[in-house]
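What follows is a set of notes on a single structure, which appears directly below.
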Amino acid sequence: MTEFIEAVQTIPLIRYSLLAGIVSAFTFGMVGSFVVTRRISYIAAAIAHSMLGGIGAAFYFGRSCDIAWLTPMLGGLIAALLSAAIIGWVSLKASEREDTIISAIWAFGMAAGILFIHYTPGQKPNLESYIFGNILVTSGSDVTATFALGLLVLILVALFYHKLVAVCFDEEFARLRGINSGAYFLLILALTAISMVLMVRVAGIILSLALLILPAATASRFSQQLWVIILASITLTLIYNTCGLAMSFQLNVPTGPFIVLCAAAVYGISFLIKRNRA
Amino acid sequence: MASAHNLCFRYQKPLVLENVNFQIRNGESLCVIGPNGGGKSTLLKLMLGLLEPTQGELNILGKAPLKARPEVGYVPQAMRFDPLYPISALDIVLMGRLGQLKVGHYSRACREAAMNALEEVSLADLAKRPFSDLSGGQRQRVLIARALACAPNLLLLDEPTANIDLSVEEKLLDTLSQLKEKIAILLVTHDLDLIAAVGDSVLCVNRRVHRHTLPLSGEVIKEIYSGTQRLEHDRQTRHSQGDHSACQHD
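Residue numbers (the working numbering), protein chains in the order written: chain A, 26 to 303; chain B, 9 to 258.
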């Protein structure tokens with residue numbers, strides 16, 4: 026463990042990853058709890074995978090048109106928000122089957138990402154690092170972006186907590202009380218999209234999805250109050266991210282998969298403990 | 009309180025409600041009955057402003073349904089909700105005060121109003137209990153408390169006794185008969201005990217509406233729910249009114 030502490034002090038990459046993990050734990054705990062209790066983890070999965078399209082497009086246009094500010098993170102964020110808006114709109118308005126649209130966006134995003142990367146000029150970016158995460162690519166600006174987006178999510182949830190809960194529990198009644206239910210549902214999807222982007226560098230697309238869902242799913246087995254589930258999810262994610270990073274460093278194994286395996290194991294073990302529910 | 013004049017509604021081609029005319033007066037409680045697919049829920053949604061009439065007029069508390077929403081309490085069926093959703097009875101009742109909430113937390117006045125509403129349905133001691141731990145009857149009473157927390161002048165209920173066993177239903181009947189003294193109630197139900205306990209009169213909805221006084225005779229009940237006699241009932245009513253649009257007969 027002392028080696029890890031030394032590494033945190035001396036190696037910026039490890040320090041950035043640790044900071045990104047700590048900051049994103051708060052976002053993940055909050056948003057994950059809404060996603061799990063509202064039963065929209067499948068939508069979160071589609072949003073996560075569609076990010077690959079945005080990341081690929083950012084690489085392609087960034088290099089071919091020489092746009093320096095078009096970073097993969099920004100591309101991923103735009104793609105995630107766009108998918109959230111389309112799925113949300115279909116879910117609220119259109120008569121098309123929601124699950125069909127979710128699957129279509131999921132597949133389209135990944136396929137577009139791979140094609141964009143294929144045509145990107147110069148050295149091909151390593152797609153695997155975006156799918157499974159790679160702490161060695163985390164930078165100081167990633168941590169700043171994580172912190173800023175995390176703060177935005179925190180403020181929005183704090184301001185609209187009760188309205189979000191009302192819309193999740195009974196969208197129709199909230200509408201009857203003058204709440205714009207559709208807008209709040211879209212807000213939840215947008216927060217999900219933002220959270221996904223936060224951890225994509227460290228944990229990758231697929232694994233950040235697991236990190237969003239598993240702690241909240243574990244916590245919701247033992248509490249029937251949303252704010253308790255949120256606090257428990259934040260605590261669990263903090264433990265997974267910090268201990269996972271330290272142990273994977275110590276054992277020299279890939280960080281993202283290691284963190285997710287720990288989270289999945291705890292979720293599995295939680296089934297052995299009697300559920301606190303009548 | 010509420011009135012409909014030549015109200016028609018269609019989702020696609022066929023009319024779900026046709027030339028509906030009725031009136032609820034102040035302090036009256038009206039039970040809406042009729043076969044499945046007859047248009048009961050559609051009528052309720054129109055009254056809540058969730059649907060727009062295809063034709064005709066609907067007046068709730070002297071206003072258009074959308075404008076009247078703040079004064080209308082709505083109680084949906086308790087079975088509609090996710091039984092695992094993590095929320096307490098009090099938090100659900102507080103949703104009745106959502107109109108008063110801008111950002112942040114509910115005010116002390118809102119919490120007091122919610123507790124009073126829970127007391128009114130005799131559930132104040134279960135305020136902190138998770139919704140999922142409550143019985144079917146208690147859940148339904150929590151939803152009634154939520155509607156009462158809106159301080160409504162008109163209360164609309166959608167099959168409040170559906171999926172509830174007889175022992176818990178009694179408590180619910182008590183609650184509703186007490187409420188009936190204070191506010192106008194319109195409730196959709198198939199439950200004849202509920203109609204006897206709460207209703208002043210009955211509105212039979214089956215594309216058109218017919219109004220019946222209580223008690224309902226066995227023959228009328230049979231007519232309402234039997235498919236073969238429904239058309240005859242419809243024809244007779246129109247004939248006795250000499251009118252093709254209005255179908256009220258008291």
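Just so it is clear, CB atoms sit at the ideal spot from N, CA and C, and this is done for glycine as well.
Beta-carbon gap between residue i and residue j smaller than 8 Å
| i | j | result |
| --- | --- | --- |
| Ala-271(A) | Val-60(A) | no |
| Gly-100(A) | Ile-142(A) | no |
| Tyr-67(A) | Ile-111(A) | no |
| Leu-162(B) | Leu-15(B) | no |
| Leu-223(A) | Leu-181(A) | no |
| Gly-25(A) | Gly-269(A) | The structure shown does not extend to residue 25(A), since chain A spans only 26 to 303, so no value can be given for it. |
Residue i versus residue j - alpha carbon distance
| i | j | result |
| --- | --- | --- |
| Ile-219(A) | Leu-174(A) | 7 Å |
| Ala-244(A) | Leu-201(A) | 31 Å |
| Gly-293(A) | Arg-246(A) | 11 Å |
| Phe-89(B) | Cys-212(B) | 27 Å |
| Met-103(B) | Ala-199(A) | 7 Å |
| Arg-105(B) | Met-55(B) | 20 Å |
| Phe-30(B) | Pro-61(B) | 15 Å |
| Gly-107(B) | Pro-146(A) | 55 Å |
| Asn-27(B) | Ile-41(B) | 17 Å |
| Gly-45(B) | Asn-214(B) | 8 Å |
| Val-24(B) | Leu-52(B) | 13 Å |
| Ile-36(A) | Ser-273(A) | 15 Å |
| Ile-193(B) | Leu-92(B) | 30 Å |
| Arg-219(B) | Leu-202(B) | 17 Å |
| Ala-237(A) | Val-56(A) | The identity of residue 237(A) in the sequence shown is Leu, whereas the question assumes Ala. Answer to the nearest angstrom: the Cα atoms are 8 Å apart. |
| Arg-260(B) | Lys-299(A) | Nothing can be reported for residue 260(B): it is not among the residues displayed for chain B, which extend from 9 to 258. |
| Met-26(A) | Arg-88(A) | 41 Å |
| Gly-138(A) | Val-291(A) | 33 Å |
| Leu-177(A) | Tyr-186(A) | 14 Å |
| Glu-123(A) | Ala-70(A) | 14 Å |
| Val-168(A) | Leu-58(B) | 45 Å |
| Leu-38(A) | Met-76(A) | 23 Å |
| Ala-105(A) | Gln-249(A) | 30 Å |
| Pro-94(B) | Lys-149(A) | 46 Å |
Cβ-based burial, residue i [other Cβ within 10 Å; buried from 16]
| i | result |
| --- | --- |
| Tyr-19(B) | exposed |
| Glu-167(B) | buried |
| Asn-277(A) | exposed |
| Ile-255(A) | buried |
| Gly-165(A) | exposed |
| Asn-266(A) | buried |
| Val-192(A) | buried |
| Met-87(B) | exposed |
| Phe-84(A) | buried |
Contact set for residue i: own chain, Cβ-Cβ below 6 Å, skip 5 residues either direction
| i | result |
| --- | --- |
| Ile-30(A) | none |
| Ser-116(A) | Glu-123 |
Residues near residue i in its chain [Cβ-Cβ closer than 7 Å; skip 5 each side]
| i | result |
| --- | --- |
| Lys-333(B) | With chain B covering 9 to 258 only, the question about residue 333(B) has no answer from this structure. |
| Ser-140(B) | Pro-91, Leu-92 |
| Gly-35(B) | Ala-192 |
| Leu-239(A) | Ala-288, Ala-289, Tyr-292 |
| Phe-51(A) | Gly-175, Leu-179, Ile-259 |
| Tyr-82(B) | Leu-56, Ala-155, Leu-164 |
| Val-179(B) | Val is not the amino acid found at residue 179(B); the sequence shown has Lys there. Only Gly-145 meet the Cβ criterion. |
| Gly-113(A) | Phe-210, Leu-211, Leu-214 |
Cutoff 8 Å; reference residue i; Cβ partners in own chain excluding five residues on either side
| i | result |
| --- | --- |
| Ser-295(A) | Thr-243, Arg-246, Phe-247 |
| Arg-77(B) | Leu-56, Gly-57 |
Could you name each continuous alpha helix (DSSP H) segment of 4 residues or more that falls completely within the region 79-164 of chain A, going from the start of the chain to the end? 97-117, 123-144, 152-157
So within the region 171-201 of chain B, which uninterrupted alpha helix (DSSP H) runs reach at least 4 residues, ignoring any that extend past its ends? 174-187
Which ranges does the beta strand (DSSP E) cover as unbroken runs of at least 3 residues, wholly within the region 84-152 of chain B, from first to last along the chain? none
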